[in-house]
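J.:
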Amino acid sequence: MIKAILIFNNHGKPRLIRFYQYFAEDMQQQIIRETFHLVSKRDDNVCNFLEGGSLIGGSDYKLIYRHYATLYFVFCVDSSESELGILDLIQKMYEKVCLSLQVFVETLDKCFENVCELDLIFHMDKVHYILQEVVMGGMVLETNMNEIVAQVELQNRMEKSEGGLSAAPARAVSAVKNMNLPEIPRNINIGDINIKVPSLSPF
Amino acid sequence: MPAPIRLRELIRTIRTARTQAEEREMIQKECAAIRSSFREEDNTYRCRNVAKLLYMHMLGYPAHFGQLECLKLIASQKFTDKRIGYLGAMLLLDERQDVHLLMTNCIKNDLNHSTQYVQGLALCTLGCMGSSEMCRDLAGEVEKLLKTSNSYLRKKAALCAVHVIRKVPELMEMFLPATKNLLSEKNHGVLHTSVVLLTEMCERSPDMLSHFRKVLILVPQLVRILKNLIMSGYSPEHDVSGISDPFLQVRILRLLRILGRSDDDSSEAMNDILAQVATNTETSKNVGNAILYETVLTIMDIKSESGLRVLAINILGRFLLNNDKNIRYVALTSLLKTVQTDHNAVQRHRSTIVDCLKDLDVSIKRRAMELSFALVNGNNIRGMMKELLYFLDSCDPEFKADCASGVFLAAEKYAPSKRWHIDTIMRVLTTAGSYVRDDSVPNLIQLITNSVEMHAYTVQRLYKALLDDISQQPLVQVASWCIGEYGDLLVSGQCEEEEPIQVTEDEVLDVLEGLLVSNLSAPVTRGYSLTAIMKLSTRFSSVNRIKKVVSIYGSSIDVELQQRAVEYNALFKKYDHMRPALLERMPIMEKTATNGPSEIVQTNGETDSTVLDTKHPPTITQPPSQGNDLLDLLGGNDVVPVIQTSLPTKPPSAGGELLDLLGDLSLTGAPPPAPASVPSVPMSQPPFLLDGLSSQPLFNDIGTGIPPMTAYNKNGLKIEFMFERSNPNPNIAVITIHASNSTEADMTDFVFQAAVPKTFQLQLLSPSSNVVPALNQGNVTQVIRVLNPQKQQLRMRIKLTYTYKGSPVQDLAEVNNFPPQSWQ
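Written as structure tokens, this is what we have:
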């Protein structure tokens, strides 16, 4: 059982989070912080498995992660998953996510590792849809990435035919990319901030 | 109202924020806009708003106000809306809120939708967050989809079924018919999820497991699929680094493991394929190792042939030498799983495993440590322990506690000699003192007490350790205790094992007093050291100095310490004649198997309070384990004399040693300590109260009709037992004892104690008084409650101590003639 999939960057800023067990919002942020703390202090030449996340799971759970350039892909799994298998899955998923995002933004950057984080930020929803075809309810659904990408593409096309979430996003993104925005250097700790929401009717 | 900004614009804006506060401000502004848009029931941009909300949710901002909007999106006709709506529902909704139930109907409709992608979304959402109510309502639809020919839906339905079974196990039966054809499917996605479903069913229900073994006969089918996967040539669809669908192979191997576990026929049927996988898998890449690893685990788990098991262990041995850290990690993990069954095979890789202790990677280190402890046995303990102690010395703080308790356990089990055992524990205390479990102090004390021949050596070692370092509290506590007990041995320097050191009494006292004033010492440690000083008053000649120290602490601000000091002071002043007996060396504690660390789990603080709570001077240095030993002693089925007669050194003058033994139990009626120190024991109740107490049980006796009996009648002391069966629990017999004295002098310091065989449990309440008045002028009453769950014949051993005309008297008696009504 996969309990959570977390993608965050080298500063601990979340890029995609998916929990397969309910956690309150502030707990989710705490888990991200703890996981980032555990994972980020590890060298790149140590093994990709880690025990000891106290907030999520327990002794049966371990973190399986991969680090790609600016991004950490972390799966929190229990003993019913194969450690090495998940490691392969992350690798495959990463490759496909990068590839499909490149297809999506219609630019094939030479150095696609750097592209990836930015793409992830601007296409969070699309990455969620890909993930949804890979893992369902904490269980691996499909490992044939070609099949996944094809299915997601078909769905995206359906969406586009309806006008889409927002027209012409690709142009906007490539414009941003050409601006060559610097990577945010700050390490933002969001969970500590409590935003006062004016009381409104729940509807 | 203008159209709300797009998701990507929002993201871009947020990314321009220079500070946290700026970002928060932007988000708040946007949230306000989204709320007002929601209020206006704007259908066109709802999906866009929810998408933005999901982004903010990821960043950790509250987004719960979008929950109902998600439901509205799900109900929409547009695919775009449904897609983001279902995603939002999965991210924002929680089955503990009733809102989610509003989705049930929408999901039901969508499960029957004409577009497979809408059906897929509904299945995915149900499989992620369906509550048990939802699962009950929708299980029928899921089951229908599980039988469809559409592989995209079928694989999702299979996983959804797993979720349904997890939520509502009773629904499992419902999916049984559909499982029949699952494995004949060609699509790998469906096969993969079907295997997951079958695994879940096997794990949840033994009936299903035997059904799949015997009726559906899954094993040959799985073997065939696995064989096809290995044999089939390259297929680009499923290839991962040259291996065909390793994910499916891994899943099948896991299911085979469950099917083959303790089942001969199934195991037999899969032996060949496992051997084939184990030998044919290409291991130059991670994937191959993943499969090999699962194969090994399956081989170890099922009833496989011995040759196959050797092969499996050798594969793991190869893994251990692999350059890839991940492979080494899984090798250690799986060796840990197999070490119980194939201990010797794993032993062969011991040196490699021990080497992994030096790895830089904490994950590998932890596994290696666990495995190293599992490998310790009587033959290799010295070598292994050397490595592990070295590891304990150098490892990160996070490992120390586990490592220390591992060393204790292993040392207890396999120690080659007592001296080695003591040395090892002391080494742990000096290197990782602050990380050890709190029960290690009493355990070590018990160990030391029991190794009579090691006393001189131990106390000398501990004294030296104390000179080096007084910051490691557990060590200091043990050292104080030992110096208190065996201070005479330390000063006389009669240690044969090591070069004796020359210490004077004053030097020893200096050290102990140093502990009392040191601000490194915990309050508990101070207690230990004060008690040690007190004990030394009978072993050393410098009594005056000790008196002085004790009286100084009589006004300590630490209440516990003060109490001790006041009690000890009273011992010096009022009961000086008993002091030598009370401060006797502790008897050897009988170690019972259950008396190990698992039983006494107390923190240092609690330990201390048990010692202090009883507030009898004799309990001075009793470690908490003493209490347990006494319980054993009293409860012994074999008839152990209540007094340990193995103490030839006991002075004839006092019954101190029994009090020593019993001190912790607070059985009451201790010899008169300073009155202030026994608030918990009502010893001086006014006589009229007793009369009232004694008459009531008498009355009850008549009611229940159990005749009273005389349990003891000797030297003018008569003890009668009155019985009463407790109403709520007929297994409890309440016995009230009445002690009367027909001689012409009072019997003072009267203590009545009782012991019963182990099948009984006995509770001794406080006596009404400790003086039995002369000439039958009054009674001492005491209530005993005996729990007799097996309704066996009651037997009891009683012990009486009292002072008659200034001289102590004690006697033992066995009581066997209990009336049958009292125990039947």
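Residue numbers (our numbering), protein chains in the order written: chain S, 10 to 212; chain B, 137 to 960. A virtual CB, placed ideally from N, CA and C, is assigned to each residue, including glycine.
Give the residues of chain B in contact with S/VAL149, contact being defined as C-beta atoms less than 9 Å apart.
T.: LEU295, HIS328, THR329, VAL332, PHE383, ARG387
J.: Got a sec: is the Cβ-Cβ distance from B/HIS249 to anything in chain S below 8 Å?
T.: no
J.: Give the single residue among B/HIS193, B/LEU651, B/SER677 whose Cα lies nearest to the Cα of B/ALA225.
T.: B/HIS193
J.: Tell me, please, whether the stretch 275 to 282 of chain B touches the stretch 220 to 239 of chain B by the rule of three or more beta-carbon pairs shorter than 8 Å.
T.: No: fewer than three Cβ pairs fall under 8 Å.
J.: Sorted by chain position, which residues of the same chain lie with C-beta nearer than 8 Å to B/ILE147's C-beta, five sequence neighbours on each side aside?
T.: TYR191
J.: Quick one: what's got a C-beta closer than 6 Å to B/PHE455's C-beta in the same chain, skipping five residues either side?
T.: ILE463, ALA467
J.: If you measure beta-carbon to beta-carbon, which residues of the stretch 413 to 429 of chain B are closer than 7 Å to chain S?
T.: ASN422, VAL423, ASN425, ALA426, TYR429
J.: Along chain B, in chain order, which residues have C-beta atoms closer than 7 Å to that of S/HIS137?
T.: LEU223
J.: With a threshold of 8 Å between beta-carbons, can S/MET102 be considered close to chain B, or not?
T.: no
J.: Quick check on B/LYS854: does DSSP put it in helix, strand or coil?
T.: strand
J.: Helix, strand or coil: which one does DSSP assign to S/CYS56?
T.: coil
J.: Is S/PHE212 buried or exposed, if buried means 16 or more other CB atoms sit within 10 Å of its CB?
T.: Model confidence at S/PHE212 stands at a pLDDT of 36, short of 50, so the residue's coordinates are unreliable and nothing is read from them.
J.: Identify the residues that DSSP records as bridge partners of B/ASP947: which are they?
T.: B/LEU936
J.: Below 7 Å, is the gap between the Cβ of B/ILE873 and the nearest heavy atom of the ligand GTP?
T.: By its list of ligands, the structure shown contains no ligand whatsoever, and the ligand GTP lies outside what it can speak to.
J.: For S/GLU126, return the contacting residues in chain A, with the cut-off set at a CB-CB distance below 7 Å.
T.: Structure shown: chain A not included; protein chains present are S and B.
J.: Write down every uninterrupted run of the alpha helix (DSSP H) in the stretch 349 to 429 of chain B whose length is 4 residues or greater and which is fully enclosed by it, in chain order.
T.: 354 to 367, 382 to 396, 400 to 416
J.: When DSSP labels each residue in this structure, what does B/ILE842 get in the three-state scheme?
T.: coil
J.: With H, G and I counted as helix, E and B as strand and the rest as coil, what does DSSP make of B/GLN758?
T.: For B/GLN758, the pLDDT reaches just 41, beneath the cut-off of 50, and the residue's location in the model is therefore unreliable, leaving the point undetermined.
J.: Taking Cβ positions, are S/VAL55 and B/ASP497 nearer each other than 8 Å?
T.: yes
J.: Can you list, in chain order, the residues of its chain whose CB lies under 7 Å from that of B/THR417, leaving out five sequence neighbours each side?
T.: GLY424, ILE427, LEU428
J.: What runs of the alpha helix (DSSP H), each 4 residues or longer, lie entirely inside the stretch 487 to 550 of chain B?
T.: 498 to 511, 517 to 530, 533 to 550
J.: Using the Cα positions of S/LYS22 and B/THR419, report the straight-line distance between them to the nearest angstrom.
T.: If you take the alpha carbons of S/LYS22 and B/THR419, they lie about 37 Å apart.
J.: Give me the Cβ distance between B/ALA891 and B/ARG921, rounded to the nearest whole Å; I'm assuming they're in contact under 8 Å.
T.: Actually they do not touch by this definition, with Cβ atoms about 14 Å apart.
J.: Run through chain S and tell me which residues come within less than 8 Å of B/GLU967, C-beta to C-beta.
T.: Chain B is shown from 137 up to 960; residue 967 of chain B falls before or after that span and cannot be answered.
J.: Counting only the same chain and skipping the five closest in sequence on each side, list residues whose C-beta sits under 6 Å from that of B/LYS709.
T.: none
J.: How is B/SER905 classed by DSSP in three states: helix, strand or coil?
T.: Strand.
J.: If you drop the 5 nearest sequence neighbours on each side, which residues of the same chain put their C-beta closer than 6 Å to that of B/PHE527?
T.: LEU493
J.: Report the residue from B/ASP642, B/ILE842, B/GLN698, B/VAL660 whose alpha carbon sits nearest the alpha carbon of B/SER673.
T.: B/ASP642
J.: How about S/HIS20: is its C-beta nearer than 8 Å to some C-beta of chain B?
T.: no
J.: How long is the line joining the alpha carbons of B/ALA592 and B/LEU611, rounded to whole angstroms?
T.: Linking B/ALA592 to B/LEU611 through their CA atoms gives a straight-line distance of about 17 Å.
J.: Per DSSP, what kind of secondary structure is B/SER346 in: helix, strand or coil?
T.: helix
J.: Run through DSSP, which three-state label would B/ASN877 get?
T.: When DSSP states are grouped into helix, strand and coil, B/ASN877 belongs to the strand group.
J.: Going along chain S, which residues have a C-beta under 7 Å from B/ILE500?
T.: CYS56
J.: Check S/ASP87 in the structure and name its three-state DSSP category.
T.: coil
J.: Using a cut-off of 8 Å between C-beta atoms, extract the partners of S/SER91 located in chain B.
T.: Result: VAL386, ARG390, ALA426, TYR429, GLU430.
J.: Do the CB positions of B/SER628 and B/LEU648 come within less than 8 Å of each other?
T.: no
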